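Chemist:
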Amino acid sequence: MDGCNMKVLVTGAAGFIGFHTAQYLLARGDEVVGLDAVNDYYDPTLKEARLRFLADQAEKGQGAWTFVRADLSDAEAVRRVFSEHRFDRVIHLAAQAGVRYSLSHPESYVQSNLVGFTNIIEACRHNSTAHLTYASTSSVYGANTRMPFSEHRGVDHPLQFYAATKRANELMAHAYSHLFGLPTTGLRFFTVYGPWGRPDMALFLFTKNILEGKPITLFNHGRHTRDFTYVDDIVECVVRVSDRPAAPNPGWSGDTPDPATSNAPFRIYNIGNNRPIELLEYVAAIEEATGLKSIRDYVPMQPGDVPDTWADVSDLEREMGYRPNTPVKEGIARFVSWYRAYYGI
Numbered sequence: 001m002d003g004c005n006m007k008v009l010v011t012g013a014a015g016f017i018g019f020h021t022a023q024y025l026l027a028r029g030d031e032v033v034g035l036d037a038v039n040d041y042y043d044p045t046l047k048e049a050r051l052r053f054l055a056d057q058a059e060k061g062q063g064a065w066t067f068v069r070a071d072l073s074d075a076e077a078v079r080r081v082f083s084e085h086r087f088d089r090v091i092h093l094a095a096q097a098g099v100r101y102s103l104s105h106p107e108s109y110v111q112s113n114l115v116g117f118t119n120i121i122e123a124c125r126h127n128s129t130a131h132l133t134y135a136s137t138s139s140v141y142g143a144n145t146r147m148p149f150s151e152h153r154g155v156d157h158p159l160q161f162y163a164a165t166k167r168a169n170e171l172m173a174h175a176y177s178h179l180f181g182l183p184t185t186g187l188r189f190f191t192v193y194g195p196w197g198r199p200d201m202a203l204f205l206f207t208k209n210i211l212e213g214k215p216i217t218l219f220n221h222g223r224h225t226r227d228f229t230y231v232d233d234i235v236e237c238v239v240r241v242s243d244r245p246a247a248p249n250p251g252w253s254g255d256t257p258d259p260a261t262s263n264a265p266f267r268i269y270n271i272g273n274n275r276p277i278e279l280l281e282y283v284a285a286i287e288e289a290t291g292l293k294s295i296r297d298y299v300p301m302q303p304g305d306v307p308d309t310w311a312d313v314s315d316l317e318r319e320m321g322y323r324p325n326t327p328v329k330e331g332i333a334r335f336v337s338w339y340r341a342y343y344g345i
C-alpha cells in the first residue's frame with residue numbers, strides 16, 4: 001500500500017499534534033476517523049475549533065472525516081470504533097500530556113497513558129492492524145546527559161511520572177510486537193510548537209503574556225536548552241513512519257540488545273529539530289515576532305524538568321528520507337501570526 005486513500009484512525013484528533021496530523025491525511029485524500037474525549041485539561045473551545053476546521057476541510061472535498069467523541073479508557077467504546085471501521089493504520093496521539101501536571105494528577109496519566117494505550121493496542125491486536133504508530137516523548141531520556149540523545153541508548157531513569165508512563169507504552173508495544181507480530185513504532189517528540197498549539201506550553205503562554213504586557217516566568221533562569229521542533233515537521237515524520245510498518249531487525253541480538261529495534265516488528269525514532277537553543281533565545285524570537293519586549297520573572301528549575309534536550313535524528317533521516325528543518329524564528333513567526341488572527345489581535 002503506497003500510503004494514499006487509506007482509512008486511518010487518529011486518536012487525540014482534537015489535540016495539537018492530532019489535529020495537524022488529521023489535517024495532513026485529509027489533504028492527501030485519506031479517510032480519517034478522529035477519536036477524542038475533548039476533556040478540559042485546557043480550554044475545550046480551542047479543541048472544538050480544531051474539530052470544526054477538520055470538518056470544514058472534509059466538506060470542501062479533502063478526504064473523508066468522521067469524528068468519534070469517546071474516552072480511550074472506555075474499553076467498550078474503543079472496541080465499538082474498531083468494530084465499525086476497518087483501519088489500514090492507527091496513529092495513536094491521545095495522551096495526558098504535561099510534565100508539571102503529572103506532579104499533582106498522576107491518576108490522569110494512568111487512565112489516559114496506560115489504560116487508554118492498553119485498550120488501543122488490544123484493539124489493534126484483535127483487528128490485525130497493519131501498523132500502530134504512537135506518540136512517545138523526549139522526556140523518557142530523563143537523567144541521561146550524553147548528547148545528542150540516541151534511541152540506541154537505554155532510557156530507564158525517568159524524572160517524572162509522565163515520562164514513566166510513556167516509557168511504559170514503549171515497553172508494552174514491544175511485548176505486543178513480540179507476542180502477536182503487531183508492527184509498532186514509537187515516536188519520541190522533542191518540544192513541539194506551532195499554530196493551534198497547546199495553551200499550557202511555553203510559546204502560547206509567553207506570546208499571550210507579552211502581547212498583554214504581563215510578566216513571563218522563565219524556569220532555570222531561562223538557561224536550559226530545548227530541541228524545539230515545528231509541528232509541520234513532526235507531522236511529516238509521523239505520516240512517513242505510519243506509511244512504513246515496522247519490521248524486525250535481522251541483525252538484532254539478545255547478547256547486545258539494541259533498545260531502538262528488535263527481532264520483532266518494533267521501532268523507536270526520535271523526532272527533533274537537531275538544533276537545540278537556549279530558552280532565552282526562544283524568548284528573543286517571540287519578542288521579534290511580536291515587536292514587543294517581555295517582562296521576565298526568573299525562577300529556579302521546576303521539579304521533574306531536565307536541563308537540556310537534543311535529538312539524534314540520523315536514523316529518521318536515513319530510513320525515512322526526512323529530517324525536521326524549520327528554523328525556530330520562522331516557526332515562531334508563524335505561530336504569532338496564527339495567534340493574532342485566531343484571537344483577533
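Residue 183 in my numbering sits at position 183 of the sequence shown; the count goes up by one each step and never skips.
No residue lacks a Cβ here, since even glycine has one placed at the ideal position from N, Cα and C.
On a predicted model such as this, the values are computed, not experimentally measured, just so you know.
Could you check the C-alpha separation between residue 329 and residue 336 for me, to the nearest Å?
Modeler: Mapped onto the sequence shown, residue 329 falls at position 329. Mapped onto the sequence shown, residue 336 falls at position 336. Taking the straight line joining both Cα atoms gives about 11 Å.
Chemist: Between 244, 295, 235, which lies nearest to residue 135 when the distance is taken from Cα to Cα?
Modeler: Position 135 of the sequence shown, counting from 1, holds the residue named residue 135. Checking every option, the nearest Cα to that of residue 135 belongs to 235.
Chemist: Counting only the same chain and skipping the five closest in sequence on each side, list residues whose C-beta sits under 6 Å from that of residue 132.
Modeler: Residue 132 sits at position 132 when you count from the first residue of the sequence shown. Excluding sequence neighbours, residue 132 sits near 90, 124, 184.
Chemist: Tell whether a beta-carbon distance below 8 Å holds between residue 36 and residue 15.
Modeler: Along the sequence shown, one-based indexing puts residue 36 at 36. Along the sequence shown, one-based indexing puts residue 15 at 15. Yes, the pair counts as a contact, with Cβ atoms nearer than the cut-off.
Chemist: Going by beta-carbon coordinates alone, are residue 99 and residue 139 separated by less than 8 Å?
Modeler: The count along the sequence shown starts at 1 and reaches residue 99 at position 99. The count along the sequence shown starts at 1 and reaches residue 139 at position 139. Result yes, Cβ atoms of residue 99 and residue 139 sit closer than 8 Å.
Chemist: Distance, Cα to Cα, residue 287 vs residue 197?
Modeler: The residue you call residue 287 lines up with position 287 of the sequence shown. The residue you call residue 197 lines up with position 197 of the sequence shown. Looking at the two C-alpha atoms, the distance is approximately 18 Å.
Chemist: Sorted by chain position, which residues of the same chain lie with C-beta nearer than 7 Å to residue 163's C-beta, five sequence neighbours on each side aside?
Modeler: Reading the sequence shown from its first residue, position 163 is the one you call residue 163. Cβ within range, chain order: 137, 139, 140, 142.
Chemist: Would you give the residue range spanned by the alpha helix (DSSP H) that residue 262 belongs to?
Modeler: Here residue 262 refers to the residue found at position 262 when the sequence shown is read from its first residue. No alpha helix (DSSP H) contains residue 262, which DSSP labels as neither H nor E.
Chemist: Give me, in chain order, the residues of the same chain whose beta-carbon lies closer than 7 Å to that of residue 264; leave out the 5 immediate sequence neighbours on both sides.
Modeler: Here residue 264 refers to the residue found at position 264 when the sequence shown is read from its first residue. The residues are 174, 177, 178, 248.
Chemist: Could you give the distance in angstroms between the alpha-carbon of residue 119 and the alpha-carbon of residue 206?
Modeler: Position 119 of the sequence shown holds residue 119. Position 206 of the sequence shown holds residue 206. Going by the C-alpha atoms only, they are around 36 Å apart.
Chemist: Nearest CA to the CA of residue 17: which residue from 310, 232, 342?
Modeler: Counted from its first residue, the sequence shown places residue 17 at position 17. Of the listed residues, the one whose Cα sits closest to residue 17 is 232.
Chemist: Going by other Cβ atoms of all chains shown within 10 Å of its Cβ, with 16 needed for buried, is residue 1 buried or exposed?
Modeler: Reading the sequence shown from its first residue, position 1 is the one you call residue 1. Any answer about residue 1 is weak, because its pLDDT of 37 lies below 50 and its placement is not dependable; what the coordinates show is given next. Label assigned to residue 1: exposed.
Chemist: Report buried or exposed for residue 83, applying the criterion of at least 16 other Cβ atoms within 10 angstroms of its Cβ.
Modeler: Working through the sequence shown from its first residue, we reach residue 83 at position 83. Its Cβ having fewer than 16 others within 10 Å, residue 83 is exposed.
Chemist: Report all residues from its chain with a CB closer than 7 Å to the CB of residue 293; omit the five preceding and five following residues, and keep chain order.
Modeler: Looking up residue 293 in the sequence shown gives position 293. Excluding positions up to five away in sequence, the list reads 287.
Chemist: Quick check on this structure: which residue in 302, 327, 212 has the alpha carbon closest to the alpha carbon of residue 103?
Modeler: Counting from one through the sequence shown, the residue named residue 103 turns up at place 103. Residue 103 has its Cα closest to that of 302, out of 302, 327, 212.
Chemist: Ignore the nearest five residues each way along the sequence and tell me which others in residue 238's own chain have a CB closer than 6 Å to its CB.
Modeler: As a working note, residue 238 is residue 238 in the sequence shown. 21.
Chemist: As a quick exercise: from 149, 297, 252, 322, pick the residue whose alpha carbon is nearest that of residue 276.
Modeler: Taking the sequence shown and counting its residues from 1, the one referred to as residue 276 is at position 276. Per the Cα distances, 149.
Chemist: On the three-state DSSP scale, how would you describe residue 116?
Modeler: For the purposes of this step, residue 116 is identified with residue 116 of the sequence shown, where counting begins at 1. Note: residue 116 maps to helix in three-state DSSP.
Chemist: Could you name the residues that DSSP lists as bridge partners for residue 268?
Modeler: Taking the sequence shown and counting its residues from 1, one reaches residue 268 at position 268. Partner(s): 186.
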